[in-house]
Amino acid sequence: MSARVGGRRPEGVDDATVEAVGALTEAFETAERARGRLFDFHQLSGSADAKAGHAAELLRKAGHAGLADALEEELVGRNVVPGRWTFQLVEEYEDGYHQAFRDWERRVRDQLVGGARHVAEAEMKERNTTPGAPGQRLDPSD
5 MSARVGGRRP EGVDDATVEA VGALTEAFET AERARGRLFD FHQLSGSADA
55 KAGHAAELLR KAGHAGLADA LEEELVGRNV VPGRWTFQLV EEYEDGYHQA
105 FRDWERRVRD QLVGGARHVA EAEMKERNTT PGAPGQRLDP SD
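Be aware that the sequence shown starts at 5, since it is given in this note's numbering, and climbs by one per residue.
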């Protein structure tokens with residue numbers, strides 16, 4: 005078995021189990037990043053829509069009311085996918101795939117390592133830390 009940081013690894017848990025749980029946690033972290041990208045997409049799409057609305061106002065002020073009207077009618081406020089605004093995509097991702105992923109990661113972690121988080125990373129930190137070196141303490145209480 006690998007070294008332990010602060011007793012994170014429950015007694016009797018083997019390296020293969022720690023590796024498997026760590027792999028699922030890493031996969032979930034990737035899903036978290038995807039969720040963040042959805043928020044980026046949501047906010048950037050909203051900003052683009054607001055800017056298009058502003059451009060329509062400027063077109064109107066510049067004497068191009070026909071183009072401004074068409075832009076507002078055909079683009080401003082448009083669904084990004086049929087029947088959906090971006091906030092709906094975020095909500096559906098969170099309530100569906102992301103929640104299922106979160107639940108499975110926690111379920112596996114609870115069953116196999118007593119709910120301990122980041123066991124593999126904590127052990128890697130211990131292996132890669134030089135005792136006594138500045139900035140390489142194992143935990144804040146060291």
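Yeah, the Cβ is synthetic: ideal placement off N, Cα and C, and Gly gets one too. Since this is a predicted model, take the numbers as computed values, not measurements.
Practice task
Using the Cα positions of A124 and A137, report the straight-line distance between them to the nearest angstrom.
Solution key: Here residue 124 refers to the residue found at position 120 when the sequence shown is read from its first residue. Here residue 137 refers to the residue found at position 133 when the sequence shown is read from its first residue. Straight-line Cα distance between these residues: approximately 22 Å.
Handout entry: Beta-ladder partner(s) of V22, from DSSP
Key = The residue labelled residue 22 in the question sits at position 18 within the sequence shown. DSSP, once it has assigned bridges, lists no residue as partnering V22.
Practice task
Sort D99, R131, A54 and G118 by Cα distance to R12 and report the nearest one.
Solution key: The residue you call residue 12 lines up with position 8 of the sequence shown. For R12, the closest C-alpha among the options D99, R131, A54 and G118 is that of G118.
Practice task
Per DSSP, which residues does R88 bridge with? Please list them.
Solution key: The residue labelled residue 88 in the question sits at position 84 within the sequence shown. Beta-bridge analysis with DSSP links R88 to V85.
Exercise for the section: Please confirm whether G50 and T90 have their CB atoms less than 8 Å apart. Expected result: As a position in the sequence shown, residue 50 is number 46, starting the count at 1. As a position in the sequence shown, residue 90 is number 86, starting the count at 1. Yes, these two residues count as a Cβ contact at 8 Å.
Exercise for the section: Could you spell out where the alpha helix (DSSP H) holding R106 opens and where it closes? Expected result: Taking the first residue of the sequence shown as 1, we reach residue 106 at position 102. Looking at the DSSP string, the run of the alpha helix (DSSP H) that includes R106 is Q103 to V117.
Problem - Proximity to E30 [Cα-Cα], best of L116, H122 and H68 - result: As a first step, residue 30 is located in the sequence shown; it is residue number 26 there, counting from the start. Closest option to E30, Cα to Cα, is H122.
Problem - Cα-Cα separation between H46 and V94, rounded to whole angstroms - result: Within the sequence shown, the letter at position 42 stands for residue 46. Within the sequence shown, the letter at position 90 stands for residue 94. Each residue's Cα considered, the two are about 7 Å apart.
Problem - Rounded C-alpha distance that separates R111 from G100 - result: Numbered from its first residue, the sequence shown carries residue 111 at position 107. Numbered from its first residue, the sequence shown carries residue 100 at position 96. When rounded, the separation of the alpha-carbon atoms in R111 and G100 is 16 Å.
Handout entry: Euclidean distance between Cα positions of H68 and P86
Key = Position 64 of the sequence shown, counted from the start, is the residue given in the question as residue 68. Position 82 of the sequence shown, counted from the start, is the residue given in the question as residue 86. Cα to Cα, H68 sits roughly 29 Å from P86.
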